[in-house]
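**Student:** Taking this note's numbering as reference, the numbering of the sequence shown is continuous, increasing by one, and the terminal residue is 1312. After the structure tokens below, expect a handful of questions from me.
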Amino acid sequence: MSADPTAGDPDGIQRVARLHDEHADAVRDGARHVLVAAESAAAGWQGAAQQQFLTVAATVPASAHRVAARLDAAATALADYAREVQQIQDEAARLQTALRNTADDIVVNARAVRAATRTAAGPDAVEADEVLLQQVQNSGVWLAGLEARLSAQWDELVARRAAADRAAASALDDRAVLGGLVSAAAARAMSDGQFTTWLGTLDRESIAALRDDPRIARRLAGLDATDVAGWWQAMSGPDGAPSAAQRAFVVALPTVIGNLNGVAYWARVRANTTVLVDRLAHAERQVAHWREQLDAAKTPAGAAAARAELSTWSRQRDAYRNIQDTLDTTPVSLVSLVDDRPPLAQIVAGDLDRAAHVSVIVPGMNTATDQRGTVQNYSAIARGMRREQARVGGVRRSDIAVVSWIGYHPPMADDPSFAAVVANGRAHEGADRLVADLDGFHAARAAAGRDADLTVLGHSYGTNVATIALTRTHADHVVLLGSAGVTDVAPKASALHVPAGEVFASQGAKDGWAVTGQNLSGRRDPTESSWDAHEFSSETQRGSDGTLHGVTQHGPYVGGNGDGRYSYFDDGTTAQHNSALAAMGRGDEIPEQGGPFDRMRQQTKDDWLMYGWQTGLTGDPRL
């Protein structure tokens, strides 16, 4: 819009208004067609799909009426604006003509004044010459006054056009047109409380209009988890049932909802499932594109650039495929999907919204979603831990949820960050992410009024991440397995926000990589008595219920390949069993043994020269 009275295309504005009227009629016609289809379905169709269709169809008329009413309101506002602009332009054209004519008359009159002045001052001047001079001078005064009046009318017309622009903008920004989006332009100026309150007033059509809005996405992502949880819970149905508004937010903003701490996990799963499909398809297109670019490269530099991009996108594709394959073949859900390099993912076995016992597994070095088998293995780890916890706890499996938290970038064996395993930078970065996610879990559960018993299980380098995080947030139990050492941020178990006696640690006698990580980094072994954790054994144990296998390698998971190798998270191991006892509140039943001296005795017993644990390791180390 412009304050120039002549600007704009009233006919074009009228055409847009008529289009809005036509769209409103089309929406109403569509609603009538849905009702006709619903009547047909009620008579000639049976089953669950019919009921679902009828339920959705019943909501269409009211929704269609709201949409059509907004289109009508927009059409009225545009038509009124077009008429006002047309009137202003007509008046502006008249004024412009009058101003031009007056300016021409002023020029002509000025020449006449000059001529009459010369004549009246000449030696042959008569009285009539003086009268003529006075007349043309008076005409000049009148013309100047006319020009001033016309200029004032032009200024009034400019003000009238500005007022028309403001009125049209206000009408189009009215709630009758935009619904709850009237405040969208002011979102940045709102407090967090005002912002979430505003979001809570939106109906489904208004929420749909926010689809992929970067302003809303950024603002939501920056909110505190407690504020998010309060907003989300306020939209919930009875007993936390999903509401229409919540479903609409999942559809409109899946990328942000899928990773938004404080949002119920059912919504995050639904959002991430959609996003994963899109990202896998995008990565596959990028791989095809860069393969074509590599084939078509004309210079070594061009080929190198294409090759680098192809490598990056191939890894992204592999990661998304690994995650998708895991979801397709195992009963786990995706509660977080971060589009990083490689992607980060959190998969859960169980219902993270309702389970009474929740465990979060924090992996260690050489864990990445683009590696073949990693995501599948962590699905198996979560499911196996869940089964064992249900067994030792004597509860239904539905009461338990276990998260495999591939939520940070640990040191990797195939890149320069391998050296980072002896440093703590990656651990601090991971701890920041873990704190945010655990705080988000606490916030979501508090808002829903559902308490949960929370356990954090760290493996290897992940024990460093977990202990740093738990100096800043809290859990009910923590288990540290095969630790590559814990930093002096947590000099003792008591530094963690975990109840006394609920910090557990274990290390297998044949786990050579854990002690390597401790020695090279200078970090503490949490199984040392001075660190004051409840240490337990990960060695073979035989009892009335059969044999629990001892850890033979650092791990984290072998997967029952039958050759006698086991790691901490394998089914049927002492480490898994004792970890499950700790997570289910039965840690006081676990014998305190397995410290450094016990491991040394075990090593001596197994092999006097203690070469077994050195030569028995195969594959990549996982610290």
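Even for Gly, the Cβ is constructed at its ideal location relative to N, Cα and C.
Could you name the residues of the same chain whose beta carbon sits closer than 6 Å to that of Gly1151, not counting the 5 residues immediately before and after it, in chain order?
**Tutor:** Sequence index remark: in the sequence shown, residue 1151 carries index 462 (1-based). These residues qualify, in order along the chain: Val1051, Pro1052 and Gly1053.
**Student:** Are at least three pairs of beta-carbons, each pair with one atom in the region 806-818 and one in the region 761-780, less than 8 Å apart?
**Tutor:** Touching, no, given that fewer than three Cβ pairs across the two stretches are closer than 8 Å.
**Student:** Which residue or residues does DSSP assign as beta-bridge partners of Gly1062?
**Tutor:** Working through the sequence shown from its first residue, we reach residue 1062 at position 373. DSSP lists no partner for Gly1062.
**Student:** Among the candidates Val917, Ala858 and Ala860, whose CA atom is the shortest distance from the CA of Gln883?
**Tutor:** Within the sequence shown, the letter at position 194 stands for residue 883. Nearest option by C-alpha distance: Val917.
**Student:** Would you mind stating whether Gln1005 and Asp1059 have Cβ atoms separated by less than 9 Å?
**Tutor:** Locating residue 1005 in the sequence shown gives position 316, counting from the first residue. Locating residue 1059 in the sequence shown gives position 370, counting from the first residue. Result yes, Cβ atoms of Gln1005 and Asp1059 sit closer than 9 Å.
**Student:** May I have a chain-ordered list of the alpha helix (DSSP H) segments no shorter than 4 residues that lie completely inside the region 1265-1290?
**Tutor:** Listed in chain order, there is nothing to give.
**Student:** To the nearest angstrom, how far is the alpha carbon of Met909 from that of Asp901?
**Tutor:** Position 220 of the sequence shown, counted from the start, is the residue given in the question as residue 909. Position 212 of the sequence shown, counted from the start, is the residue given in the question as residue 901. Note that residue 909 corresponds to Leu in the displayed sequence, not to Met. Spanning the two alpha carbons is a distance of roughly 12 Å.
**Student:** Taking only three categories from DSSP, how would you classify His971?
**Tutor:** Indexing the sequence shown from 1 puts residue 971 at position 282. Three-state result, His971: helix.
**Student:** Just the C-alpha distance for Asp714 and Ala897, rounded to the nearest angstrom, thanks.
**Tutor:** In the sequence shown, counting from the first residue as 1, residue 714 sits at position 25. In the sequence shown, counting from the first residue as 1, residue 897 sits at position 208. Distance between the alpha carbons of Asp714 and Ala897: 20 Å.
**Student:** Where in the region 1067-1132 do unbroken runs of the beta strand (DSSP E), each at least 3 residues long, occur, reported from the N-terminal end onward?
**Tutor:** The qualifying runs are 1089-1095.
**Student:** Between Glu1217 and Gly1284, which are expected to be in contact by the criterion C-beta below 8 Å, what is the C-beta distance as a whole number of angstroms?
**Tutor:** For this step, residue 1217 is matched to residue 528 along the sequence shown. For this step, residue 1284 is matched to residue 595 along the sequence shown. About 7 Å; that satisfies the 8 Å criterion.
**Student:** Looking at Trp1202: is its Cβ nearer than 9 Å to the Cβ of Arg1213?
**Tutor:** Start at 1 with the first residue of the sequence shown, and residue 1202 comes out as number 513. Start at 1 with the first residue of the sequence shown, and residue 1213 comes out as number 524. No, Cβ-Cβ distance for Trp1202 and Arg1213 is not below 9 Å.
**Student:** Evaluate the contact criterion for the region 1133-1140 versus the region 1064-1077: three or more CB pairs, one atom per stretch, below 8 Å.
**Tutor:** At 8 Å Cβ cutoff, the stretches do not touch.
**Student:** List the whole-angstrom C-beta distance separating Asn798 from Val825, where the pair is believed to meet the contact cut-off of C-beta under 8 Å.
**Tutor:** The residue you call residue 798 lines up with position 109 of the sequence shown. The residue you call residue 825 lines up with position 136 of the sequence shown. With 8 Å as the limit, Asn798 and Val825 qualify as a contact, their Cβ atoms being about 6 Å apart.
**Student:** Taking the alpha helix (DSSP H) that Asp1221 belongs to, which residues open and close that run?
**Tutor:** Along the sequence shown, read from residue 1 onward, the residue named residue 1221 stands at position 532. From DSSP, Asp1221 is part of no alpha helix (DSSP H); its letter is neither H nor E.
**Student:** Counting only the same chain and skipping the five closest in sequence on each side, list residues whose C-beta sits under 7 Å from that of Pro694.
**Tutor:** Residue 694 sits at position 5 when you count from the first residue of the sequence shown. For Pro694, where only same-chain residues beyond five positions count, the Cβ hits under 7 Å are Ile777, Gln778, Ala781, Leu846, Val847 and Arg850.
**Student:** Quick one: residues in its chain with C-beta nearer than 6 Å to the C-beta of Asp710, no 5 flanking neighbours on either side, listed in chain order?
**Tutor:** The residue labelled residue 710 in the question sits at position 21 within the sequence shown. Ala764, listed in sequence order.
**Student:** Should His1186 go down as buried or exposed, given a rule of 16 or more other Cβ atoms within 10 Å for buried?
**Tutor:** Here residue 1186 is taken as the residue at index 497 of the sequence shown, counted from 1. Classification of His1186: exposed, given that the 10 Å Cβ count is below 16.
**Student:** Hey, how far is the Cα of Val815 from the Cα of Ala805?
**Tutor:** The sequence position of residue 815 within the sequence shown is 126, counting from 1. The sequence position of residue 805 within the sequence shown is 116, counting from 1. Cα-Cα distance, rounded: 12 Å.
**Student:** Output the distance between the C-alpha atoms of Tyr1097 and Ser895, rounded to the nearest integer angstrom.
**Tutor:** Here the question's residue 1097 lines up with position 408 in the sequence shown. Here the question's residue 895 lines up with position 206 in the sequence shown. The alpha-carbon atoms of Tyr1097 and Ser895 are separated by roughly 35 Å.
**Student:** Using the Cβ count rule (16 or more neighbours within 10 Å means buried), how would you classify Met1273?
**Tutor:** To locate residue 1273, count along the sequence shown from 1; it is residue 584. Answer is buried; the Cβ neighbour count reaches 16.
**Student:** On the CB-based measure, 16 or more other CB atoms within 10 Å of its CB, does Asp1017 come out buried or exposed?
**Tutor:** Within the sequence shown, residue 1017 is the residue found at index 328, counting from 1. Burial call: exposed.
**Student:** Alpha carbon to alpha carbon, how far is Ala730 from Val723?
**Tutor:** Reading the sequence shown from its first residue, position 41 is the one you call residue 730. Reading the sequence shown from its first residue, position 34 is the one you call residue 723. The alpha-carbon atoms of Ala730 and Val723 are separated by roughly 10 Å.
**Student:** Counting only the same chain and skipping the five closest in sequence on each side, list residues whose C-beta sits under 6 Å from that of His1166.
**Tutor:** Along the sequence shown, one-based indexing puts residue 1166 at 477. Closer than 6 Å at Cβ, skipping near neighbours: Thr1144, Glu1191, Ala1271 and Ala1272.
**Student:** What does Gly1147 pair with, by DSSP beta-bridge criteria?
**Tutor:** Residue mapping note: residue 1147 aligns to position 458 of the sequence shown, counting from 1. According to DSSP, which records beta bridges pairwise, Gly1147 is partnered with Val1051 and Leu1169.
**Student:** Can you give the beta carbon distance from Leu1123 to Ala1158, rounded, assuming they're within the 8 Å contact cut?
**Tutor:** For the purposes of this step, residue 1123 is taken as residue 434 along the sequence shown, with counting starting at 1. For the purposes of this step, residue 1158 is taken as residue 469 along the sequence shown, with counting starting at 1. Correct: roughly 4 Å between the Cβ atoms.
**Student:** Using DSSP's beta-bridge definition, name the partner residues of Leu1023.
**Tutor:** Indexing the sequence shown from 1 puts residue 1023 at position 334. Answer by DSSP bridge pairing, in chain order: Ile1036.
**Student:** When you compare each of Asn790, Ala771, Leu942 and Ala937 to Ala860 by their alpha carbons, which one comes out closest?
**Tutor:** Counting from one through the sequence shown, the residue named residue 860 turns up at place 171. Out of Asn790, Ala771, Leu942 and Ala937, Ala771 has the C-alpha closest to the C-alpha of Ala860.
**Student:** Three or more C-beta pairs under 8 Å: does that hold for the region 932-948 against the region 959-968?
**Tutor:** Counting Cβ pairs under 8 Å, three or more are found: they touch.
**Student:** Given a cut-off of 9 Å on the beta-carbon distance, is the pair Asn1267 and Ser1227 in contact?
**Tutor:** On the sequence shown, residue 1267 is found 578 positions in, with the first residue counted as 1. On the sequence shown, residue 1227 is found 538 positions in, with the first residue counted as 1. Contact: yes.
**Student:** What residues match up with His1163 in a beta bridge as DSSP calls it?
**Tutor:** Residue mapping note: residue 1163 aligns to position 474 of the sequence shown, counting from 1. His1186.
**Student:** Please state whether the Cβ-Cβ distance between Thr650 and Ala1179 is less than 9 Å.
**Tutor:** A question about residue 650 goes unanswered here, because the residues of the chain that appear run from 690 up to 1312.
**Student:** Do Gly1239 and Thr1263 count as a contact pair if the criterion is CB distance below 9 Å?
**Tutor:** The residue given as residue 1263 occupies position 574 in the sequence shown. The residue given as residue 1239 occupies position 550 in the sequence shown. It is a contact, given that the beta carbons lie within the stated cut-off.
**Student:** Where does Glu1224 land, buried or exposed, given buried means 16+ other C-beta within 10 angstroms?
**Tutor:** Counted from its first residue, the sequence shown places residue 1224 at position 535. Per the 10 Å Cβ criterion, buried.
**Student:** Under 8 Å by Cβ, that's how I've got Leu983 and Tyr1009 pegged, so tell me the actual separation to the nearest angstrom.
**Tutor:** Taking the first residue of the sequence shown as position 1, residue 983 is located at position 294. Taking the first residue of the sequence shown as position 1, residue 1009 is located at position 320. At roughly 21 Å, the Cβ-Cβ gap does not stay under 8 Å, so Leu983 and Tyr1009 are not in contact.
**Student:** Could you tell me the alpha carbon to alpha carbon distance between Ala923 and Ala930, rounded to whole angstroms?
**Tutor:** Numbered from its first residue, the sequence shown carries residue 923 at position 234. Numbered from its first residue, the sequence shown carries residue 930 at position 241. Their Cα atoms are separated by approximately 11 Å.
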